[in-house]
Amino acid sequence: MSKEEIKKLGIIQLAILTNLKDKPMKSSEILRILKNLGLRARSSFYAALHELEEKGYISKRMFNEDFYYYLTEKGEEFLSRLPALARETFLPALHLYSFIMDKLGLYIEEEIEESYDELIKYKEFLLRELEKVENKLKKWKRINVE
């Protein structure tokens with residue numbers, strides 16, 4: 000997988016693929032998650048979903064009278080290679096956006112109501128991220144300057 004392959008997929012498509020990483024989901028479930036993250040255009044979502052299916056990254060199956068989307072082998076392989084490429088593709092841009100937002104005094108404010116389970120998962124995520132930061136800080140050496 001190359002940077003070009005990532006560029007061929009849009010941010011909505013990447014979000015759909017990563018949502019399907021853990022389990023098959025109905026389109027309405029994926030759409031709800033993405034809307035909570037700021038997706039505005041429902042048509043963009045369905046276009047992205049359709050294109051992923053056409054390219055062979057996802058497929059759908061009927062289960063209990065509902066269609067569920069799941070990753071194909073091609074989709075799983077793509078996601079397995081994505082973290083390494085995301086580091087060099089997304090992180091530099093995220094640092095710049097973060098810098099700009101900070102300088103403009105803009106902050107992300109949550110306006111969505113979360114369930115108890117979602118908050119517990121978010122807390123666990125934050126604790127893991129905090130542990131990563133603490134481990135990085137341990138590697139820094141402080142030098143007293145007189």
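In numbering that gives the first Met the number 0, the protein residues as written are 0 to 145. C-beta atoms are modelled at their ideal positions from N, C-alpha and C, and glycine is treated no differently.
Given this structure, state the Cα-to-Cα distance separating residue i from residue j, to the nearest angstrom.
{"i": "Glu148", "j": "Tyr56", "result": "Examination of residue 148 is not possible in this model, given that the chain is present from 0 through 145 alone."}
{"i": "Asp116", "j": "Glu28", "result": "16 Å"}
{"i": "Lys22", "j": "Met61", "result": "15 Å"}
{"i": "Asp65", "j": "Lys25", "result": "7 Å"}
{"i": "Pro91", "j": "Arg127", "result": "22 Å"}
{"i": "Gly104", "j": "Glu72", "result": "43 Å"}
{"i": "Lys102", "j": "Tyr67", "result": "43 Å"}
{"i": "Leu136", "j": "Leu8", "result": "35 Å"}
{"i": "Tyr69", "j": "Lys59", "result": "6 Å"}
{"i": "Lys140", "j": "Asn63", "result": "58 Å"}
{"i": "Glu123", "j": "Glu133", "result": "15 Å"}
{"i": "Met100", "j": "Lys54", "result": "35 Å"}
{"i": "Ser79", "j": "Arg39", "result": "28 Å"}
Answer with buried or exposed for residue i, where buried requires no fewer than 16 other C-beta atoms within 10 angstroms of its C-beta.
{"i": "Leu19", "result": "buried"}
{"i": "Met106", "result": "Per the sequence shown, residue 106 should be read as Tyr rather than Met. Under this definition Tyr106 is an exposed residue."}
{"i": "Phe44", "result": "buried"}
{"i": "Ile15", "result": "buried"}
{"i": "Leu129", "result": "exposed"}
{"i": "Ile142", "result": "exposed"}
{"i": "Leu118", "result": "exposed"}
{"i": "Tyr51", "result": "Residue 51 is actually Leu in this sequence, not Tyr. Buried: at least 16 other Cβ atoms inside 10 Å."}
{"i": "Leu125", "result": "exposed"}
{"i": "Ile11", "result": "buried"}
{"i": "Leu48", "result": "buried"}
Considering just the uninterrupted stretch of the alpha helix (DSSP H) at residue i, what are its terminal residues?
{"i": "Ser42", "result": "Arg41 to Lys54"}
{"i": "Lys102", "result": "Glu72 to Leu103"}
{"i": "Asn143", "result": "It is not in any alpha helix (DSSP H) - Asn143 carries neither H nor E in the DSSP assignment."}
{"i": "Leu16", "result": "Ile10 to Asn18"}
{"i": "Ser26", "result": "Ser26 to Asn35"}
Quick one: give me the first and last residue of the beta strand (DSSP E) that residue i is part of.
{"i": "Lys59", "result": "Ile57 to Phe62"}
How about residue i: is its C-beta nearer than 8 Å to some C-beta of chain D?
{"i": "Tyr68", "result": "Structure shown: chain D not included; a single protein chain is present."}
- Quick one: any contact between the region 85-99 and the region 24-41, if contact means 3 or more CB pairs under 8 Å? Judged by Cβ distances under 8 Å, the region 85-99 makes no contact with the region 24-41, as fewer than three pairs qualify.
- Task: Check whether the region 44-54 touches the region 76-87, taking contact to mean three or more Cβ pairs, one atom from each stretch, closer than 8 Å.
- Result: No, they do not touch.
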